[in-house]
Amino acid sequence: MQRLSRVQTIALGFLLIIVVGTILLMLPISSKSGESAGFLNALFTAASSTCVTGLIVVDTYTNWTLFGQAVILLLIQIGGLGFITIGVFFSIFMKRRIGLKERNLIQESINTLQIGGTVRLVQKIVCYALIFEGIGAILLMIRFIPQFGIAEGIWYGIFHSISAFCNAGFDLMGKLEPYSSLMAYRDDLLVNFVIMALIVIGGIGFIVWDDISVHKWKIKKYLLHTKIVLTMTLILIVVGSVCFYLFEYENLADLDMKGKILASVFGAVTPRTAGFNTIDTAAYTESSRMLTVVLMFIGGSPGSTAGGIKTTTMMVILLYIWSTLRNQSGLNIFGRRMDEDSIKKASTVFFINLMLAVVCTLFMAGMEPIPLSDIFMEVFSAIGTVGISTGITRDVSIWSKYMLILLMYCGRIGSMSFALSFTERKHNPKVKLPVERITIG
17 MQRLSRVQTI ALGFLLIIVV GTILLMLPIS SKSGESAGFL NALFTAASST CVTGLIVVDT
77 YTNWTLFGQA VILLLIQIGG LGFITIGVFF SIFMKRRIGL KERNLIQESI NTLQIGGTVR
137 LVQKIVCYAL IFEGIGAILL MIRFIPQFGI AEGIWYGIFH SISAFCNAGF DLMGKLEPYS
197 SLMAYRDDLL VNFVIMALIV IGGIGFIVWD DISVHKWKIK KYLLHTKIVL TMTLILIVVG
257 SVCFYLFEYE NLADLDMKGK ILASVFGAVT PRTAGFNTID TAAYTESSRM LTVVLMFIGG
317 SPGSTAGGIK TTTMMVILLY IWSTLRNQSG LNIFGRRMDE DSIKKASTVF FINLMLAVVC
377 TLFMAGMEPI PLSDIFMEVF SAIGTVGIST GITRDVSIWS KYMLILLMYC GRIGSMSFAL
437 SFTERKHNPK VKLPVERITI G
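In structure tokens form, the structure reads like this:
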């Protein structure tokens with residue numbers, strides 16, 4: 017264990033959590049049938065929970081007992097905040113010393129920019145998470161307690177608040193209709209706003225929380241990272257909502273204007289990367305499916321509960337293209353110039369995720385007699401740890417399910433991190449080969 021790098025430690029840690037979750041979900045006490053759910057169903061559910069994805073092969077309410085649902089919720093919380101963060105928080109609570117190795121792990125786990133102040137940041141992360149999840153749960157209980165009763169209403173409020181904040185997308189609405197997600201609440205202002213707020217707050221990232229808590233409304237003092245995250249988040253929500261409204265106008269015809277706006281905004285927010293839905297995703301137009309794929313691919317922000325290539329990566333790629341077209345040197349935004357390492361890392365993350373998704377799409381398309389657009393959404397949903405599906409997850413073959421599990425795992429720890437876990441120990445050669453130019457474009 018001492019020889020493992022930071023990336024390898026995190027990758028192995030998530031793998032062990034998935035294994036433990038699988039064992040717990042295979043127990044007869046976890047299944048409402050009183051029998052074991054089977055290895056693949058348990059593994060898929062544990063991986064989806066730990067990787068805060070939300071893709072499911074069996075309905076969460078109708079298949080899992082209260083114990084099974086509690087295991088899923090615990091995996092979601094650990095996967096959302098990160099096991100390193102939770103472990104360090106308990107160490108702080110027990111007044112144990114946090115060494116340099118643990119601080120390095122924290123820095124890698126939550127993508128913070130510097131190692132200084134990481135312990136304080138962990139305390140803030142856990143405290144803020146509990147506050148946001150608690151407020152969300154109480155607000156959701158206002159709707160769920162009258163509908164489901166006190167005990168079940170409280171549980172539903174807690175479950176959906178944590179699931180939304182951690183961008184997991186798991187729900188218990190199978191009580192109303194299996195695999196229906198939040199379709200019964202598509203025009204409910206309270207449920208929609210609470211779920212969307214939790215998704216956005218969880219998805220903007222821990223670094224942004226810390227920056228906002230320190231500087232409050234003094235926007236000029238925000239880190240460049242915070243400014244980019246907030247700008248990209250606002251752009252994606254606004255542009256996504258408008259596009260979704262236009263693309264799904266006919267499918268929203270049975271809703272009044274309030275319902276149409278709510279469904280459109282929710283349709284733009286949830287692919288970043290929560291996985292809930294308030295209208296039938298299988299009925300999406302081809303334009304809406306493509307829009308959803310793009311939003312799922314981008315995802316949330318670094319150091320957050322969300323997946324995807326992240327908003328900062330997309331901003332760097334767009335700025336790099338724009339500066340190249342204008343023949344400018346360097347990437348300038350908000351009065352700052354980005355470093356070359358950011359450009360290199362953004363390009364690597366972008367193309368690793370894109371190529372992985374394309375390759376897996378080709379394999380699944382060759383194995384499954386399913387329309388390509390459905391497979392496309394499924395693959396990008398898995399690698400983006402989103403959970404939005406047209407309903408094919410439970411119908412695909414065993415090998416496709418294993419492929420989706422791998423994609424969810426890569427999406428949670430980061431595809432680049434997954435690749436680095438095998439190559440990080442390799443050193444650059446001292447002697448470099450001669451340079452020769454080639455023609456590009």
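Sequential numbering from 17 applies to the sequence shown in the numbering used here. All C-beta atoms in this analysis are idealised placements derived from N, C-alpha and C, irrespective of residue type, glycine included.
DSSP, read as helix, strand or coil, puts W225 in helix. In this structure, G323 lies away from G256, with their beta-carbon atoms at least 8 Å apart.
Taking a C-beta distance under 8 Å as the contact criterion, T78 and P194 qualify as a contact pair. Remark: C-beta atoms of L90 and I141 do not approach each other more closely than 8 Å. Residue pairing by DSSP places I102 in no beta bridge whatsoever. Contact annotation: T409 and V73 have beta-carbon atoms nearer than 8 Å. By the CB criterion at 8 Å, V332 and A373 fall outside the cutoff. For L422, the enclosing alpha helix (DSSP H) begins and ends at 414-429. Here the alpha carbon of C426 sits roughly 11 Å from the alpha carbon of I368. By the neighbour-count criterion, in which a residue is buried when 16 or more other Cβ atoms sit within 10 angstroms of its Cβ, G95 is buried. I251 and K417 have their alpha carbons spaced roughly 34 Å apart. Between I421 and L59, the CB-CB gap stays under 8 Å. In this structure, the CA atom of T340 is about 12 Å from the CA atom of N348. In this chain, the alpha helix (DSSP H) harbouring K140 covers 134-164. The beta-carbon separation of H241 and T328, rounded to 7 Å, stays under the 8 Å limit for a contact.
For L341, the enclosing alpha helix (DSSP H) stretches over residues 327-341. In its chain, beyond the 5 residues on either side, M189 have a beta carbon closer than 6 Å to the beta carbon of S196. Contact between I92 and A184 is confirmed by a C-beta separation of about 4 Å, below the 8 Å threshold. Around the CB of M424, 16 or more other CB atoms lie within 10 Å, so the residue is classed as buried.
Counting along the chain, R305 sits inside the alpha helix (DSSP H) bounded by residues 302-314. For a cut-off of 8 Å, the C-beta gap from I404 to M393 is around 7 Å, short enough to register as a contact.
With respect to G84, L41 sits close: the two C-beta atoms are nearer than 8 Å. Given a length threshold of 4 residues, each whole run of the alpha helix (DSSP H) inside the region 365-406 is given here in chain order: 388-399.
DSSP places F263 in the uninterrupted alpha helix (DSSP H) bounded by 240-263.
By the criterion of at least three beta-carbon pairs nearer than 8 Å, the region 376-394 is in contact with the region 298-315.
Note that the region 201-211 does not touch the region 311-319; fewer than 3 beta-carbon pairs, one per stretch, sit closer than 8 Å.
Assigned with DSSP and collapsed to three states, W233 falls in coil, not helix or strand.
Assignment of beta-bridge partners to I349 by DSSP yields R352. Under DSSP, W171 takes part in no beta bridge, so it has no partner. At a Cβ-Cβ threshold of 8 Å, L192 and I211 do not count as neighbours. Sequence-distant Cβ neighbours of W225 in its own chain, meaning closer than 6 Å and more than five residues away, are Y144.
In terms of Cβ geometry, S320 and G221 form a close pair [threshold 8 Å].
Looking at the DSSP output, S47 shares a beta bridge with W80. Contact between A290 and I178 is absent: CB atoms are separated by about 12 Å, not below the 8 Å threshold. Following the DSSP letters along the chain, one finds L59 inside the alpha helix (DSSP H) bounded by residues 55-66. In the three-state scheme derived from DSSP, where H, G and I count as helix and E and B as strand, G185 is classed as coil.
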